[in-house]
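Following: one structure in C-alpha cells, then a few remarks.
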Amino acid sequence: MVVRHWMTPNVVTIAKDASIQEALAVMRQHSIRHLPVVDEHHHLHGWVSDSDLRGALVASMLEELSVADVMIHKPYTVSPETALEEATRIIMEKRIGGFPVVDHGKLTGIITVVDILAAFITMMGVLTNSARVDVRLPARAEALDQITRLIQNHKGEILSICHMPFVQDEDRVYSIRIGGIGAESIAQVLRDQGFEVIATS
C-alpha cells in the first residue's frame with residue numbers, strides 16, 4: 203500500500219505571512235493540530251504544529267510574529283507513491299505526528315498517525331465482524347499451514363495473520379483474525395488438535 207491511498211487530501215493550509223493568532227484560529231476552527239505552509243501556487247514552504255504556535259504565543263504578544271518565524275522550514279515529506287511502511291517508519295523514528303505529502307514540490311495532502319492507524323486497523327480487519335485467536339506454534343512452516351487448513355475446513359475466512367515478535371523463545375505466537383466463525387468455536391477446534399490457544403476475542 204502507498205501513502206496516496208490513506209493520506210488526507212485537500213487539506214487546510216496557511217500562508218507564511220499569517221499571524222500566530224490567525225494560525226491558531228484556523229486550527230481551532232477545523233479541529234486540527236498541523237498546518238502545511240504554502241504559497242499561492244500551493245508550493246510547500248513549511249510545516250507548523252499547534253505546539254510550535256503555542257510556544258511562540260507569549261512572544262507574539264510582545265511583537266507581531268508570523269507563521270514564517272516559527273514554522274519548520276524543511277519538514278520531513280513523502281510522495282504519494284511512498285510505501286505506507288516507510289511513512290510509518292519516519293513517524294516512529296522521528297517521533298512526529300505527521301508530515302506533508304508532496305508531488306513535484308506541490309502539496310497534495312498530509313499523512314498523520316491517525317491515518318496510519320486507520321490503515322493498519324483496516325488491513326487487520328479489526329473493524330469487521332470477526333474474531334481473533336492468538337495461538338502458540340512451534341517454529342516450523344507446516345504448523346502454520348495446518349492451522350490455516352483447520353480454519354478453512356471449518357468455514358472460517360482468514361482476514362489477517364500477525365506474527366508477534368516479542369515472544370522470546372523457540373515457539374512463535376500468531377494473532378489470527380477470522381471471519382465466518384466465532385472465536386471460541388475455532389479455538390476449541392485448535393485445542394482439540396493439540397495447539398495452545400493463548401487468547402481469544
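Position 40 of the sequence shown, counting from 1, maps to 242 under our numbering, and the rest follow consecutively.
Beta carbons: idealized from backbone N, C-alpha and C, even for Gly.
Residue i versus residue j: straight-line alpha-carbon distance, rounded
i: E283; j: V391; result: 42 Å
i: N355; j: I388; result: 11 Å
i: N331; j: G381; result: 7 Å
i: S377; j: I349; result: 12 Å
i: D252; j: A220; result: 14 Å
i: D241; j: I216; result: 8 Å
i: D373; j: Q395; result: 17 Å
i: C364; j: T402; result: 14 Å
i: L264; j: G257; result: Confidence in L264 is poor, its pLDDT being 43 and thus under 50, which makes the residue's placement unreliable; the coordinate value appears in the next sentence. Between L264 and G257, the C-alpha separation is close to 13 Å.
i: E288; j: S281; result: 11 Å
Anticipated Cβ contact below 8 Å, residue i with residue j, distance rounded
i: M209; j: G311; result: 4 Å
i: L286; j: A321; result: 6 Å
i: V335; j: A385; result: 6 Å
i: I318; j: T279; result: Not a contact, Cβ separation roughly 15 Å.
i: V337; j: I234; result: Actually they are not in contact, since the Cβ atoms of V337 and I234 sit about 41 Å apart, beyond 8 Å.
Residue environment, residue i, which counts as buried when at least 16 other CB atoms sit within 10 Å
i: P211; result: exposed
i: D305; result: exposed
i: R379; result: buried
i: A343; result: exposed
Pair within 8 Å by beta-carbon distance, residue i and residue j
i: L346; j: L352; result: no
i: V272; j: V250; result: yes
i: V205; j: L237; result: no
i: A270; j: K308; result: no
i: I274; j: G248; result: yes
i: G327; j: I313; result: no
i: K357; j: I383; result: yes
Enumerated in chain order, which unbroken segments of the alpha helix (DSSP H) with a length of 4 residues or greater are wholly contained in the stretch 205–243? 222–232
Jot down the residue ranges of each uninterrupted beta strand (DSSP E) in the stretch 259–325, minimum 3 residues, whole runs only, in chain order. 300–305, 308–314
Where are the beta strand (DSSP E) runs, 3 residues long or more, that stay fully inside the stretch 353–394, in chain order? 359–366, 374–381
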